[in-house]
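In order, the protein sequence lines correspond to chains A and B.
Per the working numbering, residue 5 is the first one in the first sequence, and the count goes up by one each step.
Per the working numbering, residue 132 is the first one in the second sequence, and the count goes up by one each step.
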Amino acid sequence: MNEEEYGNLLLRPLDTGGPDGPSKVDVGRAMRDGLRVRRVRAWSSAAVAAGVAVVITGGVLVLRPQAEEMTPALPADPTLPRACTAAALPTGRATSASVEAGDPGGTYLVGSSEPVDGGDHDVLVWRNGELVATVAQRSPKVSMQDINASGVAVGATVAGNTIPFAYHDGEITRMKGVGNAVAINDAGVVAGDTEGAPDAARPQRWSSWDAEPEPMPLPAGMAGGEAYDITEDGTILVGLWGKQDSGPYLWHADGSLERILPPVADPDPGKGSGVGPIAIHFGWIYAERTRDDARSALYRYEPGSRTWQKLSDDRYAVQVPAVQRRGGGFIQDDPAVYVGDRVLKLPKLKRYDDDSFGVTFISENARVAAGSNLSGDAAGRPVVPVIWRCR
Amino acid sequence: MDEDYLAYVNGRLPALRRLAYLLSGDRDQADDLVQETITKLYARWPRISRADNVDAYVHTMIVRAFLDEKRRGWWRVGLFAAAPELRDGAGKPGIEERTVLRAALAQVPAKQQAVLVLRFLCDRPVAEVARILGCSEGTVKSQTSHGLAALRRLLGEPAKKDTRKADTRRSVL
């Protein structure tokens with residue numbers, strides 16, 4: 005019996021037609037939701053006044069011409085490490101844990117124990133690869149999404165109403181306001197949004213984890229948005245949407261908003277259908293450009309010179325660490341992560357023959373990366389948190 | 132334009148649900164995959180509707196939605212929870228056999244799972260499976276071999292022969 009015959013014979017018992025019972029599929033809802041996505045994507049081809057920034061002056065949105073001078077040179081990428089080693093991070097009493105993020109210098113990592121639906125979700129903090137805190141937060145359970153060089157982490161609830169929380173001084177404390185906190189810089193400024201708000205999510209920021217949130221005024225035509233990352237100077241990467249228009253923006257520390265226009269030179273004109281922000285690394289904004297064939301290309305954008313670079317036709321070929329809450333992660337058999345515009349292949353931490361890896365963090369000097377080994381084929385296997393040290 | 136979309140979706144809905152169900156093995160998750168797919172389809176309909184092979188686009192979207200969901204991890208939750216078929220049809224001939232087979236298939240890595248479903252349950256040729264998954268035909272063939280080997284191992288079958296009716300449940304459940 006050849007393989008074709010064997011496969012047919014083996015699997016044919018499952019060929020029983022479609023699922024029984026009534027369908028939950030709602031075509032009307034698909035059209036309503038799809039229409040919104042259509043509008044979101046329309047911005048990339050809409051007639052946008054090029055070279056215009058939206059500025060908030062005294063609470064009023066005005067447009068101002070962007071500076072014509074493109075003075076800044078492109079930031080230098082870190083050198084690609086020559087070699088990396090992989091090691092499992094300690095998990096204390098937990099049998100399973102994942103890394104969610106780290107600070108730019110690679111000193112602190114933050115993660116969750118039993119990171120599955122219904123799992124403990126204790127907050128774990130590592131310093132230089134050593135487990136320094138395990139904090140249980142049971143009601144509600146939370147997940148930290150970022151940590152800074154002072155060891156202060158921010159995140160939000162993992163289920164139910166979305167409420168921001170911070171980890172500081174060994175404790176977990178509810179932050180003021182509602183929604184989530186997705187990023188914190190070394191100065192302690194926190195970026196997030198009002199995810200779950202009854203009207204619409206919109207970006208917000210906190211000057212520190214214990215401050216009142218400051219909502220971002222939305223420019224005309226925009227109805228909502230969400231935050232993705234924050235730079236050390238307090239610039240927050242956000243994605244905004246409205247009925248007719250949407251796209252990524254930079255919310256600067258001084259309150260001004262700057263729109264990120266899509267790549268002008270599209271190598272595949274007519275097929276690009278939208279740009280979505282991912283994260284900020286090495287002074288660049290990483291973003292994906294979706295296409296009509298259900299694939300996404302990966303780009304990066306340097307805000308000082310407004311330079312776009314295309315990195316790959318396949319956004320899911322190499323990892324770009326990003327806020328896990330945004331669905332920014334994926335797993336792959338052979339872990340690889342971007343360092344600037346180059347690919348760093350990471351060694352596997354072998355556990356099973358079907359090991360798969362998510363890379364959720366890389367330091368700004370590319371000497372520390374972290375993530376998890378998520379075995380691909382069994383429910384009972386633990387998630388193993390991994391640190392890669394490179395030189 | 133909307134009429135075209137409605138005609139297409141309504142005509143294909145049973146087939147889409149079947150594909151999603153074969154991939155996920157769960158009625159609710161299958162409907163979620165279809166819902167996500169037809170939402171994306173509507174968003175892109177003005178362009179996709181002009182394509183030569185809309186079905187190929189849609190099948191690619193549904194398989195990718197399945198693989199993305201597996202990446203996100205729902206499969207870790209309740210993989211061995213009571214199977215709907217067993218609940219609804221305990222005692223019917225073939226039900227337990229399918230449940231055992233389904234549980235084993237769910238443990239095969241996602242991409243291999245998709246290859247097996249597309250090749251042996253949807254009867255798609257290797258070249259088309261390669262296009263759907265965005266890989267080479269050689270990869271599809273190797274993934275087929277690996278997937279079948281994994282299934283055989285999970286089912287406790289020693290060799291390529293028709294042992295489907297052997298009592299292999301102890302090795303899986």
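For each residue, glycine too, the CB sits at the ideal point set by N, CA and C.
At least 3 beta-carbon pairs within less than 8 Å: the region 230-250 of chain B vs the region 135-149 of chain B: Contact fails: fewer than three Cβ-Cβ distances are below 8 Å.
Cβ distance (whole Å) where A:Asp338 is taken to contact A:Lys354 below 8 Å: That belief does not hold up - the Cβ atoms of A:Asp338 and A:Lys354 are roughly 12 Å apart, past 8 Å.
DSSP bridge partner residues for A:Cys394 (one or two, in chain order): A:Cys88.
Residue-level contact to chain C via CB, A:Ala140, 9 Å cutoff: The question asks about chain C, but that chain is absent: this structure's protein chains are A and B.
Counted within 10 angstroms of its Cβ, other Cβ atoms place A:Glu216 as buried (16 or more) or exposed: Classification of A:Glu216: exposed, given that the 10 Å Cβ count is below 16.
Terminal residues of the beta strand (DSSP E) in which A:Glu175 lies: 175-178 is the extent of the beta strand (DSSP E) around A:Glu175.
Alpha helix (DSSP H) segment containing A:Arg310, residue limits: It is not in any alpha helix (DSSP H) - A:Arg310 carries neither H nor E in the DSSP assignment.
For A:Pro389, the nearest candidate out of A:Arg395, A:Thr364, A:Ala370 (CA to CA): A:Pro389 has its Cα closest to that of A:Thr364, out of A:Arg395, A:Thr364, A:Ala370.
Where A:Asn165 meets chain B, residues with beta-carbon distance less than 8 Å: None at all; the shortest Cβ gap to chain B is about 21 Å.
Partner residues on chain A for B:Gln166, Cβ-Cβ distance less than 8 Å: Neighbours of B:Gln166 across chain A, judged by C-beta separation under 8 Å: Lys28, Val29, Asp30, Arg33, Ala34.
Coarse secondary structure for B:Glu130, derived from DSSP in three states: This structure leaves residue 130 of chain B out entirely; chain B is present only between 132 and 304.
Closest Cα partner of A:Arg396 within the set A:Glu218, A:Tyr10, A:Gly22, A:Arg86: The structure shown does not extend to residue 396 of chain A, since chain A is modelled only from 5 through 395, so no value can be given for it.
Short Cβ contact (9 Å threshold) for A:Pro82 with A:Phe334: No, the pair does not count as a contact, with Cβ atoms beyond the cut-off.
Candidates A:Gln248, A:Leu15, A:Leu84: closest to A:Gly344 by CA position: Ranking A:Gln248, A:Leu15, A:Leu84 by CA distance to the CA of A:Gly344 puts A:Leu84 first.
Residue range of the alpha helix (DSSP H) that includes B:Ile179: In this chain, the alpha helix (DSSP H) harbouring B:Ile179 covers 158-179.
Reduced DSSP category for A:Leu350 - H, G, I as helix; E, B as strand; rest coil: Under the three-state reduction of DSSP, A:Leu350 is assigned to coil, being neither helix nor strand.
B:Ser276: contacting residues in chain A (beta-carbon distance under 8 Å): The contacting residues are Glu7.
Residues sharing a beta bridge with A:Trp130, DSSP: Answer is A:Leu113, A:Leu135, bridged to A:Trp130.
Buried or exposed (CB count within 10 angstroms, at least 16 for buried), A:Thr89: Taking all protein chains shown into account, A:Thr89 has fewer than 16 neighbouring C-beta atoms within 10 Å of its C-beta and is therefore exposed.
Whether A:Val242 touches A:Leu254 by CB criterion (9 Å): Contact flag set, yes.
The region 189-204 of chain B / the region 157-174 of chain B touching (three or more Cβ pairs under 8 Å): In this structure the region 189-204 of chain B lies against the region 157-174 of chain B, because at least three pairs of beta carbons, one per stretch, are closer than 8 Å.
Where the region 247-266 of chain B meets chain A: residues whose CB sits under 8 Å from a CB there: Residues Leu247, Val248, Arg250, Phe251, Leu252, Gly265.
Extent of the continuous alpha helix (DSSP H) run through B:Tyr139: For B:Tyr139, the enclosing alpha helix (DSSP H) stretches over residues 133-155.
Burial state of B:Ala214, where buried means 16 or more other Cβ atoms lie within 10 Å: Because B:Ala214 sits at a pLDDT of 34, beneath the cut-off of 50, its placement in the model cannot be relied upon, and the point is left open.
Selection from B:Ser155, B:Leu153, B:Trp176, B:Gly156 that minimises the alpha carbon distance to A:Asp37: The shortest Cα separation from A:Asp37 among B:Ser155, B:Leu153, B:Trp176, B:Gly156 belongs to B:Trp176.
Exposure label - B:Asp316; buried when at least 16 CB within 10 Å: Here chain B comprises residues numbered 132 to 304, so residue 316 of chain B is not present and cannot be evaluated.
Expected contact under 8 Å - CB spacing of A:Ser102 and A:Pro119 to nearest Å: 4 Å between Cβ atoms; contact.
Identity of the residues DSSP links to A:Ile188 by a beta bridge: By DSSP's assignment, A:Ile188 forms a beta bridge with A:Val194.
Length-filtered (4 minimum) alpha helix (DSSP H) runs lying within the region 221-302 of chain A: Qualifying alpha helix (DSSP H) stretches: none in this window.
C-alpha gap between B:Arg181 and B:Lys201, whole angstroms: C-alpha separation (whole angstroms): 31 Å.
Any C-beta of chain B under 9 Å from that of A:Gly25: The beta-carbon of A:Gly25 is placed less than 9 Å from the nearest beta-carbon of chain B.
Nearest-angstrom Cα separation, counted from A:Ala170 out to A:Glu134: As the crow flies, the alpha-carbon of A:Glu134 is around 21 Å from that of A:Ala170.
9 Å Cβ cutoff met for A:Ala321 and A:Arg304: By the CB criterion at 9 Å, A:Ala321 and A:Arg304 fall outside the cutoff.
Backbone CA spacing between A:Ile366 and A:Gly196 [nearest angstrom]: The straight-line gap separating the alpha-carbon atoms of A:Ile366 and A:Gly196 is approximately 21 Å.
Segment limits, alpha helix (DSSP H) that includes B:Ser273: Per DSSP, the continuous alpha helix (DSSP H) segment holding B:Ser273 begins and ends at 268-286.
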